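*Asks:* Structure incoming, see below.
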Amino acid sequence: MSNKRKFYIVSTPIGNLEDITYRAIRILSEVDIILCEDTRVTGKLLSNYNISAKLESYNAHASQHKENKIIDNVKSGVVYALVSDAGTPTISDPGVKIIQSLYKELGNDIDIVSIPGATALITALSSSGFIGNQFTFYGFLPHKKGRNKIFKEIFNSDRISIFYESPHRIIKTLKYLCDNYHDSNRNIYIARELTKLYEEKVIGNIDYIFNYFDNNKDKVRGEFVVVIDKNNK
Ligand code: SAM
0 MSNKRKFYIV STPIGNLEDI TYRAIRILSE VDIILCEDTR VTGKLLSNYN
50 ISAKLESYNA HASQHKENKI IDNVKSGVVY ALVSDAGTPT ISDPGVKIIQ
100 SLYKELGNDI DIVSIPGATA LITALSSSGF IGNQFTFYGF LPHKKGRNKI
150 FKEIFNSDRI SIFYESPHRI IKTLKYLCDN YHDSNRNIYI ARELTKLYEE
200 KVIGNIDYIF NYFDNNKDKV RGEFVVVIDK NNK
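The sequence shown begins at 0 in numbering that gives the first Met the number 0 and counts up one residue at a time.
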């Protein structure tokens with residue numbers, strides 16, 4: 000058995016609180032400190048599972064001082080779990096920086112243990128019906144610079160493309176795709192509010208998808224994953 004220091008990356012639900020593994024619950028109950036983005040969000044999850052744990056906030060703006068403290072604690076034997084508000088930490092969420100710092104400081108004496116679980120991109124891809132052996136995940140697209148270049152890349156690609164989109168931008172994005180890639184035969188799959196009460200999935204060509212959301216403004220809310228199929232011609 001390894002006597003390396005351990006640091007856990009724990010996936011939590013993306014909506015439905017039942018979507019968490021037994022192992023994740025056990026680890027969250029056993030660690031000394033849980034690092035989380037928002038103590039209220041994680042507090043709700045923990046209270047649902049009767050876990051009383053010490054929560055500390057950790058986000059993309061964490062100071063160097065905070066990181067150093069975490070590293071010193073890990074060296075002296077404190078066991079941490081890192082969670083994000085939803086899904087898998089480090090996937091369009093904070094966490095990479097502390098992992099890099101731990102590897103830098105401890106090399107192979109640190110064991111970063113990822114407890115697998117929900118992530119929105121895989122949840123969406125797996126129900127799309129697209130043959131998903133090869134795909135590119137873009138996370139959140141840049142708001143301005145480089146955005147249209149990425150769309151060009153997506154529509155030239157022979158892979159499935161997946162990105163995260165906010166409800167404030169989804170119509171604008173779909174309109175842009177409609178205006179510029181109208182002739183494409185690619186199917187688009189939009190997965191909204193996955194695992195939640197108002198979960199909805201819509202599949203169709205670009206025109207159909209744009210018109211669907213443009214005509215149903217009440218559906219332009221919540222969280223979105225956009226999956227664009229490869230060119231099937
Ligand atoms: N770490 C998360 C994961 O593993 O998927 C992603 C966090 S990122 C800050 C949040 C974005 O993920 C949302 O804006 C949305 O695009 C996507 N997302 C998260 N939960 C979702 C859900 N239940 N349904 C659809 N999209 C979701």
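Beta carbons are placed, not taken as given, at the ideal position from N, Cα and C, and that holds for glycine.
Remember, predicted model here, so these are calculated numbers, not experimental data.
CA-CA distance, Phe129 and Ile205?
*Replies:* Numbered from 1 along the sequence shown, position 130 holds the residue referred to as residue 129. Numbered from 1 along the sequence shown, position 206 holds the residue referred to as residue 205. Roughly 16 Å between the two C-alpha positions.
*Asks:* Roughly how many angstroms separate the alpha carbons of Ile121 and Ser10, rounded to a whole number?
*Replies:* If you number the sequence shown from 1, residue 121 lands on position 122. If you number the sequence shown from 1, residue 10 lands on position 11. The alpha-carbon atoms of Ile121 and Ser10 are separated by roughly 13 Å.
*Asks:* Taking the alpha-carbon of Thr87 as reference, which of Asp37, Leu54, Ile8 and Glu198 has the nearest alpha-carbon?
*Replies:* Taking the first residue of the sequence shown as 1, we reach residue 87 at position 88. Nearest C-alpha to Thr87: Ile8.
*Asks:* In angstroms with no decimal places, state the Cα-to-Cα distance between Tyr211 and Arg168.
*Replies:* The sequence position of residue 211 within the sequence shown is 212, counting from 1. The sequence position of residue 168 within the sequence shown is 169, counting from 1. Looking at the two C-alpha atoms, the distance is approximately 15 Å.
*Asks:* Three-state secondary structure (DSSP) at Lys143?
*Replies:* Taking the first residue of the sequence shown as 1, we reach residue 143 at position 144. The answer is coil: DSSP assigns Lys143 none of H, G, I, E or B.
*Asks:* To test your reading of the DSSP string, which unbroken alpha helix (DSSP H) runs of 4 or more residues are found completely within the region 66-118?
*Replies:* DSSP runs (the alpha helix (DSSP H)) wholly in the region 66-118: 95-105.
*Asks:* Report the partner residues of Ala190 according to the DSSP bridge assignment.
*Replies:* In the sequence shown, the residue the question calls residue 190 occupies position 191. In the DSSP output, where bridge partners are listed per residue, Ala190 has Lys200 and Val224.
*Asks:* Less than 7 Å between the CB of Asp92 and some heavy atom of ligand 1, yes or no?
*Replies:* On the sequence shown, position 93 is the one that residue 92 refers to. At least one heavy atom of ligand 1 is nearer than 7 Å to the Cβ of Asp92, so yes.
*Asks:* Flag this pair as yes or no: are the beta carbons of Ile32 and Val77 separated by less than 8 Å?
*Replies:* Counting from 1 along the sequence shown, the entry for residue 32 is found at position 33. Counting from 1 along the sequence shown, the entry for residue 77 is found at position 78. Cβ atoms of Ile32 and Val77: closer than 8 Å.
*Asks:* Just to check, is the beta-carbon of Ala85 closer than 7 Å to a non-hydrogen atom of ligand 1?
*Replies:* In the sequence shown, counting from the first residue as 1, residue 85 sits at position 86. Indeed, a heavy atom of ligand 1 lies less than 7 Å from the Cβ.
*Asks:* Secondary structure at Arg158, three-state DSSP: helix, strand or coil?
*Replies:* As a first step, residue 158 is located in the sequence shown; it is residue number 159 there, counting from the start. Coil at Arg158, not helix or strand.
*Asks:* Return helix, strand or coil for Arg25, following the three-state DSSP convention.
*Replies:* In the sequence shown, counting from the first residue as 1, residue 25 sits at position 26. Helix, per DSSP.
*Asks:* Under 8 Å, do Ile149 and Ile227 count as touching if we go by C-beta distance?
*Replies:* Here residue 149 is taken as the residue at index 150 of the sequence shown, counted from 1. Here residue 227 is taken as the residue at index 228 of the sequence shown, counted from 1. Taking 8 Å as the Cβ cut-off, Ile149 and Ile227 do not qualify as a contacting pair.
*Asks:* So Thr135 and Ser113 are in contact, right, with Cβ under 8 Å, and what is the actual spacing, rounded?
*Replies:* For this step, residue 135 is matched to residue 136 along the sequence shown. For this step, residue 113 is matched to residue 114 along the sequence shown. Contact doesn't hold; Cβ gap of about 21 Å is too wide.
*Asks:* Suppose you measure from the CA of Lys229 to the CA of Glu104; what does that come to, to the nearest Å?
*Replies:* Working through the sequence shown from its first residue, we reach residue 229 at position 230. Working through the sequence shown from its first residue, we reach residue 104 at position 105. About 42 Å.
*Asks:* Taking the alpha carbon of Tyr163 as the reference point, which residue from Pro115, His181, Leu124 and Ser183 has its own alpha carbon closest?
*Replies:* Counting from 1 along the sequence shown, the entry for residue 163 is found at position 164. The option with the nearest alpha carbon to Tyr163 is Leu124.
*Asks:* From the DSSP output, in three-state form, read off Glu152 for me.
*Replies:* Your numbering for residue 152 matches position 153 in the sequence shown. The answer is helix: DSSP assigns Glu152 an H, G or I state.
*Asks:* Quick check: does the Cβ of Glu199 come within less than 7 Å of any heavy atom belonging to ligand 1?
*Replies:* One-based indexing of the sequence shown puts residue 199 at position 200. No, the beta carbon of Glu199 sits no closer than 7 Å to any heavy atom of ligand 1.
*Asks:* Would Val73 be called buried (16 or more neighbouring beta carbons within 10 Å of its own) or exposed?
*Replies:* Within the sequence shown, the letter at position 74 stands for residue 73. The residue in question, Val73, is buried, as its Cβ has 16 or more Cβ neighbours within 10 Å.
*Asks:* Would you decide whether Ala59 is buried or exposed? Buried here means 16 or more other CB atoms lie within 10 Å of its CB.
*Replies:* The count along the sequence shown starts at 1 and reaches residue 59 at position 60. Ala59 is exposed by the Cβ-count criterion.
*Asks:* Just to check, is the beta-carbon of Glu17 closer than 7 Å to a non-hydrogen atom of ligand 1?
*Replies:* One-based indexing of the sequence shown puts residue 17 at position 18. Every heavy atom of ligand 1 is 7 Å or more from the Cβ of Glu17, so no.
*Asks:* Assuming the contact rule is C-beta atoms closer than 8 Å, Tyr79 and Leu34 should be a hit. Round their C-beta distance to whole Å, please.
*Replies:* As a first step, residue 79 must be located in the sequence shown, where it is residue number 80. As a first step, residue 34 must be located in the sequence shown, where it is residue number 35. Going by Cβ atoms, the distance from Tyr79 to Leu34 rounds to 6 Å, so yes, they are a contact pair.
*Asks:* Going along the chain, which residues of its own chain have a beta-carbon closer than 8 Å to the beta-carbon of Lys65, five neighbours each way excluded?
*Replies:* Walking along the sequence shown from the start, residue 65 turns up at place 66. Closer than 8 Å at the Cβ level, and outside the excluded window around Lys65, lie Tyr57.
*Asks:* Glu199 and Lys218 - do their beta-carbons sit closer together than 8 Å?
*Replies:* The residue you call residue 218 lines up with position 219 of the sequence shown. The residue you call residue 199 lines up with position 200 of the sequence shown. Yes, the pair counts as a contact, with Cβ atoms nearer than the cut-off.
*Asks:* Just to check my reading of the structure: Ser183 and Phe154 have Cβ atoms closer than 8 Å, yes? What is that Cβ distance to the nearest angstrom?
*Replies:* For the purposes of this step, residue 183 is taken as residue 184 along the sequence shown, with counting starting at 1. For the purposes of this step, residue 154 is taken as residue 155 along the sequence shown, with counting starting at 1. With a Cβ gap of about 6 Å, Ser183 and Phe154 count as contacting.
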